[in-house]
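Numbering (the numbering used here), first residue to last: -16 to 323. Yeah, the Cβ is synthetic: ideal placement off N, Cα and C, and Gly gets one too. Below: one structure, written as structure tokens.
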């Protein structure tokens, strides 16, 4: 089934309102999840409405939490989410940082008291479309061992980088730091299939191809110790500087009633204060030309910029609507049915 962007956002907004979220925050969260769905990031798209509904019901997320923002310095914004809805908190933080960056050229928001914010790509897209380069991260529950260790201490903390292109071909990098998603290990375990040795370790910290053993172990970071140290450093930025929970103190997202107190960092640069629009467009065109001249490994798959596929999916969804399963639409309608 197909829904327009407007109808999908409205449906998600009504669902959140029914769950006790304020209208403004509900709309902000719905925008982020709808954008993720349109960008092809379905694991972090509209299916998350039901996930967040469960966490609201368990008390892990406070639906009517007050999101408080202060400005300790011209370029800094401190955001207290009070265990509210993560996408709404991060959306509010993004716009607060954008306001600061418009004033002084750079702006940074540090968030505490947050919850799962969804994919980073929608925030990067919003920032880039407004002319801002963006670097952002969030900390997460521990599932990676630190360099030299075998216990879960570090989260699979994602890094997001967005660079605007005045012609709309923004660069959007959104990646977590494990070699593979844990959901892929779980799927292999359920199917009785082996996994690549680089994906995960068993309970004793040894690399394994046994998916069931891997479910008792940890995910492996990209680049080994380098990836683990990068994930650790991101946690210190997002959690350490914001005053949020960090590392192994962060509880699992599905622990009933436990508020995670996640930390997030959003750093913005007003590109218009560095380069003219034409100058930035020229720089981005040069970058694309360099990639276009690179010989692809597979001629059927030309070298592309990070985010190209997601942006194509977004534009297609805006033109033709979102393709959603009947079960997802029914789920959203059921959640929204009492919202009017």
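- With a contact defined as Cβ atoms closer than 8 Å, residue 55 and residue 103 miss out at about 24 Å.
- Contact between the stretch 310 to 321 and the stretch 29 to 41 is established, with three or more Cβ pairs separated by less than 8 Å.
- CA-to-CA, the gap between residue 17 and residue 95 works out to about 24 Å.
- Inside the stretch 216 to 274, DSSP marks no whole alpha helix (DSSP H) run of 4 or more residues.
- In terms of Cα proximity to residue 165, the closest of 127, 153, 132 and 189 is 127.
- Boundaries around residue 10 are those of the alpha helix (DSSP H), 6 to 21, since no beta strand (DSSP E) includes it.
- Between the stretch 205 to 224 and the stretch 79 to 86 there are fewer than three C-beta pairs closer than 8 Å, too few to call the two in contact.
- Boundaries of the beta strand (DSSP E) harbouring residue 60: 59 to 63, taken from the DSSP string.
- Residue pairing by DSSP places residue 52 opposite 62 in a beta bridge.
- Assigned with DSSP and collapsed to three states, residue 125 falls in strand.
- Fully contained in the stretch 162 to 188 are the following alpha helix (DSSP H) runs of length 4 or more, in chain order: 165 to 174.
- Using a C-beta cut-off of 8 Å, the stretch 185 to 194 makes contact with the stretch 162 to 177, since at least three inter-stretch Cβ pairs fall below that distance.
- DSSP places residue 156 inside the beta strand (DSSP E), whose first and last residues are 154 to 158.
- Around the beta carbon of residue 282, fewer than 16 other beta carbons sit within 10 angstroms, so the residue counts as exposed.
- Residue 256 and residue 114 have their alpha carbons spaced roughly 10 Å apart.
- For residue 97, the uninterrupted beta strand (DSSP E) segment begins and ends at 89 to 97.
- DSSP, read as helix, strand or coil, puts residue 286 in coil.
- For the options -3, 130, 289 and 48, the alpha carbon positioned closest to that of residue 97 is the one of 48.
- The secondary-structure analysis by DSSP pairs residue -15 across a beta bridge with 306.
- Proximity to residue 0 across -11, -10 and 12 peaks at 12, based on C-alpha coordinates.
- Distances from the alpha-carbon of residue 136 to those of 269, 201, 289 and 77 put 201 closest.
- In this structure, residue 80 lies near residue 251, with their beta-carbon atoms less than 7 Å apart.
- Using a 10 angstroms sphere on the CB of residue -15, the tally of other CB atoms stays under 16, which defines it as exposed.
- In the structure shown, residue -4 adopts helical secondary structure according to DSSP, grouped into three states.
- Listed in chain order, the non-local C-beta contacts of residue 22 below 6 Å within the same chain comprise 104, 293, 296 and 297, local neighbours out to five positions each way being set aside.
- In this structure, residue 19 keeps its C-beta atom at 7 Å or more from the C-beta atom of residue 62.
- Selection 196, 247, 187 and 305 evaluated against residue 225 yields 247 as nearest (Cα-Cα).
- The Cβ-Cβ distance between residue 167 and residue 43 does not fall below 7 Å.
- Contact check for residue 160 against residue 139 passes: the beta carbons are separated by less than 7 Å.
- Here DSSP, grouped into helix, strand and coil, assigns residue 109 to helix.
- For residue 146, the enclosing beta strand (DSSP E) has its first and last residue at 142 to 146.
- Cβ contact annotation for residue 5 (same chain, cutoff 7 Å, sequence separation greater than five): 47, in chain order.
- Taking C-beta atoms as the reference points, residue 51 and residue -5 fail to come closer than 7 Å.
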